[in-house]
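Enquirer: At position 19 of the sequence shown the residue is numbered 36 (the working numbering), and the sequence of numbers has no breaks.
Every residue gets a Cβ at the ideal spot worked out from N, C-alpha and C, and that includes glycine.
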Amino acid sequence: MAFLVSCHQPQPRKPVSYQNGSFLDKSLKRNKAILKAEEKAIFKIIENDSSNTYYNSSDGFWYHYVQKNNSDTITPQFGDQVTFTYNLRTFSEDTIYTMAEIGQRKYLMDQQRLMTGLREGLKIMKAGEQVTFLFPSSRAYGFYGDKKRIGSDVPLKATVILKSIKQTER
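(1) I182 and V99 - do their beta-carbons sit closer together than 8 Å?
(2) Ordered along the chain, which non-local residues of its own chain (more than five positions away) have a Cβ less than 7 Å from that of F152?
(3) What first and last residue would you give for the beta strand (DSSP E) that runs through A117?
(4) State the Cα-Cα distance for the pair D163 and T107, rounded to the nearest angstrom.
(5) Is it right to say N65 is buried, meaning 16 or more other beta carbons lie within 10 angstroms of its own, or is it exposed?
(6) Output yes or no for whether 8 Å exceeds the beta carbon distance between L139 and F101.
(7) Kindly indicate the opening and closing residues of the alpha helix (DSSP H) around F40.
(8) In three-state terms, what does DSSP make of S154?
What follows is the structure, given as structure tokens:
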């Protein structure tokens with residue numbers, strides 16, 4: 018009988034290739050350039066719309082009230098169910114989805130998937146309000162679009178009507 022015994026420890030394998038960050042650097046530069054161009058378009062819309070007062074959100078989008086609710090103070094919080102309708106348009110006012118196509122939506126705040134800008138926009142609304150939002154593509158559907166009518170890196174204008182807020186037990 019013969020036994021083979023080895024005294025060698027396993028040698029760690031060297032990586033075949035590695036990322037040097039050039040792809041990430043290019044992607045970052047591309048995204049910054051897109052955001053800069055989209056913000057320029059947003060500022061032009063705001064400049065040309067003197068009849069409305071626009072507000073800049075800390076979440077990276079702009080908005081104005083079409084109908085404001087001054088008598089209520091309740092805004093949606095985590096877990097609340099909101100009922101709303103909205104439409105989506107391009108910055109040149111081409112309709113992408115109408116309110117009728119989208120229909121009335123029910124959404125549990127921060128517990129279901131929803132376009133980033135719309136999710137954050139709902140948080141500043143009160144029941145009965147109608148708000149028009151200007152979303153850079155990074156706050157809309159981003160690089161991937163919606164795989165239907167919204168292409169890659171398309172900034173969006175959305176008008177949202179918040180019909181109701183059903184608060185959860187706190």
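Expert: So, from the listed chains and residues:
(1) To locate residue 99, count along the sequence shown from 1; it is residue 82. To locate residue 182, count along the sequence shown from 1; it is residue 165. Pairing V99 with I182 gives a Cβ-Cβ distance under 8 Å.
(2) If you number the sequence shown from 1, residue 152 lands on position 135. Cβ neighbours of F152 within its own chain (closer than 7 Å, five residues either side excluded): F78, G134, P172, L173 and A175.
(3) Residue mapping note: residue 117 aligns to position 100 of the sequence shown, counting from 1. That residue, A117, is in no beta strand (DSSP E); its alpha helix (DSSP H) goes M116 to I119.
(4) Here residue 163 refers to the residue found at position 146 when the sequence shown is read from its first residue. Here residue 107 refers to the residue found at position 90 when the sequence shown is read from its first residue. For D163 and T107, the distance between alpha carbons rounds to 14 Å.
(5) Counting from 1 along the sequence shown, the entry for residue 65 is found at position 48. Under this definition N65 is an exposed residue.
(6) Start at 1 with the first residue of the sequence shown, and residue 139 comes out as number 122. Start at 1 with the first residue of the sequence shown, and residue 101 comes out as number 84. Their beta carbons are under 8 Å apart, which means L139 touches F101 by this criterion.
(7) By one-based count along the sequence shown, residue 40 stands at place 23. Secondary structure note for F40: its alpha helix (DSSP H) is the uninterrupted segment S39 to N65.
(8) If you number the sequence shown from 1, residue 154 lands on position 137. Helix, per DSSP.
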